[in-house]
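One structure is given here, and the rest of the page talks about it.
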Amino acid sequence: MCGIIGIYGNPEAATLAYLGLYAQQHRGQEGAGIVTLDGATVHRHMGQGLVSDVYPDQSALNGLEGNVAIGHTRYSTTGGIDRKNVGPLLFNVEDQPVSIAHNGNLVNLAAKRRELQKQGAIFQTTTDTEIIIHLMARAKGARLVDRVATALEQVEGAFSLLILTPEGLIAARDPYGWRPFAIGKLKDTWVLASETCALDLIGAQELRDVQPGEVLLIDDQGLQTVHQLPQRTAKHCVFEYVYFSRPDSRIFGSNVDKLRRKIGKTLADEAPAPTADIVISVPDSSNTATLGYADRSGIRHEIGLIRNHYVGRSFIRPEQKLRDLTVKLKFSTVKGVLEGKEVVIVDDSIVRGTTMRTLARLLRQAGVKKVHVRITSPPIRFPCHFGLDFPTDKELVAAHRTKEEVQAYLGVDSLEYLSLEGLLASMDLPGDQFCSACFSGKYPIALEESNSKDRFEMEFQDSEVIPDPAL
Ligand code: SF4
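Now the structure itself:
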């Protein structure tokens, strides 16, 4: 998962991209970058950490001149946490600068990467994204956008892409529409972003989504759809509504806030807690669903946990030892609200169980009598290969445990999940237009080989490495 932003036709392109990255910080906290195009000259400033780490003051933006910019916040799902993997990636294709920002995750590419290496390709990163550039460099076509389309016909998986070229700004989305991708306008400036919250911050008007399978070009003539990849039934990631997207965004045609409340209401119908005194959320991602749960159940909503906003989302941190510490740093309890109460705590999901286990302990320490956990999604039992970082079932607490075993592991008095049927029934679109593979194990596309996060890292050790001179 990542956040991407593209700006076309504005002298303040870098500043607008920077703001768009800020709005999408929740989509990736490992690194951030902006690339601008100023005539034939390309500028890049990127680094590891939060947007505020990479751009601590105005001087970091000063060199980023040009009317066109793309930006990226990185959350690694292929390739390690390494500076070389931070986007947007930058290459030369036939002496033309080409920069790419990718939200999603490609699959079934180990063979393709090997094949390209045998043909002489020297990879600079261990990302899946770089494969698109090598395929594009080899493709035939009068324009770069035609070559991009040819490249994308050869890859599978989830991609919302922005590609900065001297021909213009190219955007493309996989035929399943896995990840959100919005188009907006700020007067004459085109703005494209993973989530509409980025458009709102900049003041851009949302026009439409980049359609599943659409490859489009924005240049001085305007926006034109150049290619349509083969049509598929949509498979939007339902987890975007459950957890990932911001509640003030509109994705896949619906407001996240509205659907998240509906999900909370459905959970209250399916999994009541009639003896509970209060219902609390795990801030911030379950705040909205908790309002729905409280509204439907009639149980009083209270603020029982305070989140320290200066610590990032624990789930997104990839190293386990960091993750445990982050939970304790991140939440504190409001004893006056919790003491002596029977409490329903609503969360969006349980991935590794680390957060909820620690929270249950904190609630008991605050004097809570009983802890009832209610989860606004089904148990996550299967890895995601399309852009979320829970790639192996070893890390998933529910993968090989019954509900009772997970409840015992968490140390809580009751545990209930929303059913998959209840989750999909809460959507505005039909259930078959969503990917729910991490709950059901039914992957929309066949997975042919290892798709682990570090699959290219292992190969990379045997490869000849030419460092990117711009790094
Ligand atoms: S497997 Fe789960 S998290 Fe991954 S794309 Fe599908 S619904 Fe989303």
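For the sequence shown, my numbering begins at 209 and goes up steadily by one.
Don't be surprised by glycine CBs; every beta carbon is placed ideally from N, CA and C.
For the ligand SF4, is there any heavy atom lying closer than 7 Å to the beta carbon of residue i?
i, result
"residue 646", "yes"
"residue 626", "no"
"residue 630", "no"
"residue 592", "yes"
"residue 595", "yes"
"residue 447", "yes"
"residue 643", "yes"
"residue 386", "yes"
Buried or exposed: where does residue i fall if 16 or more other Cβ atoms within 10 Å of its Cβ makes it buried?
i, result
"residue 518", "exposed"
"residue 432", "exposed"
"residue 383", "buried"
"residue 213", "buried"
"residue 508", "exposed"
"residue 239", "buried"
"residue 633", "exposed"
"residue 537", "exposed"
"residue 523", "Unreliable placement is indicated for residue 523, whose pLDDT of 49 sits below 50; no coordinate value is reported for it."
"residue 293", "buried"
"residue 500", "buried"
"residue 379", "buried"
"residue 303", "exposed"
"residue 253", "buried"
"residue 219", "exposed"
"residue 541", "buried"
"residue 232", "buried"
"residue 644", "buried"
"residue 410", "buried"
"residue 673", "For residue 673, the pLDDT reaches just 36, beneath the cut-off of 50, and the residue's location in the model is therefore unreliable, although a value from the coordinates is still provided. Looking at its Cβ environment, which holds fewer than 16 other Cβ atoms inside 10 Å, residue 673 is exposed."
"residue 215", "buried"
"residue 260", "exposed"
"residue 350", "exposed"
"residue 342", "buried"
"residue 162", "Outside the modelled stretch of the chain, which goes from 209 to 679, sits residue 162, for which no answer is possible."
"residue 209", "buried"
"residue 495", "buried"
"residue 217", "buried"
Figure out for me which residue from the options has the closest Cα to the Cα of residue i.
i, options, result
"residue 328", "335, 312, 498, 346", "346"
"residue 387", "312, 553, 278", "312"
"residue 586", "597, 549, 621, 628", "628"
"residue 280", "438, 211, 253, 306", "211"
"residue 635", "237, 438, 443, 255", "443"
"residue 581", "597, 605, 621, 543", "621"
"residue 471", "284, 282, 584, 261", "584"
"residue 566", "219, 343, 604, 619", "619"
"residue 557", "259, 423, 640, 625", "625"
"residue 235", "641, 457, 277, 376", "457"
"residue 276", "445, 441, 411, 222", "222"
"residue 680", "562, 575, 412, 392", "With the chain covering 209 to 679 only, the question about residue 680 has no answer from this structure."
"residue 320", "338, 428, 309", "338"
"residue 305", "543, 335, 243", "243"
"residue 440", "257, 640, 348, 377", "640"
"residue 309", "494, 371, 341", "371"
"residue 614", "647, 601, 560, 652", "560"
"residue 451", "428, 425, 550, 469", "469"
If we define contact as Cβ-Cβ less than 8 Å, is residue i a contact residue for chain B?
i, result
"residue 373", "The structure shown contains no chain B; it is built from a single protein chain."
Runs of 3 residues minimum, wholly inside the segment 454 to 533: which ones carry the beta strand (DSSP E) assignment? 486 to 489, 513 to 515
Which ranges would you report for the beta strand (DSSP E) in the segment 562 to 600 if only whole runs of at least 3 residues count? 578 to 583
Can you confirm whether the segment 564 to 572 touches the segment 495 to 504 when touching is taken to mean that 3 or more C-beta pairs between the two stretches lie within less than 8 Å? no
List, from N- to C-terminal side, the alpha helix (DSSP H) runs of 4 residues or more that fit wholly inside the segment 593 to 637. 611 to 618, 628 to 633
Count the CB pairs spanning the segment 415 to 426 and the segment 244 to 252 that are closer than 8 Å, and state whether there are at least three. no
Below 8 Å, can you find three or more Cβ-Cβ pairs linking the segment 292 to 302 to the segment 315 to 328? no
Stretch-stretch touch, CB-based, cutoff 8 Å, three pairs: the segment 397 to 412 with the segment 432 to 444: no
On the three-pair Cβ rule with 8 Å, is the segment 261 to 277 touching the segment 218 to 227? yes
Any contact between the segment 313 to 321 and the segment 642 to 659? By contact I mean 3 or more CB pairs, one from each, below 8 Å. yes
Would you say the segment 591 to 604 touches the segment 355 to 375, given that touching needs at least three Cβ pairs under 8 Å? yes
Can you give, in chain order, each stretch of the alpha helix (DSSP H) that sits fully within the segment 291 to 329 and has at least 4 residues? 318 to 326
List in chain order: all unbroken beta strand (DSSP E) runs of 3+ residues lying wholly within the segment 379 to 420. 390 to 394, 397 to 401, 413 to 417
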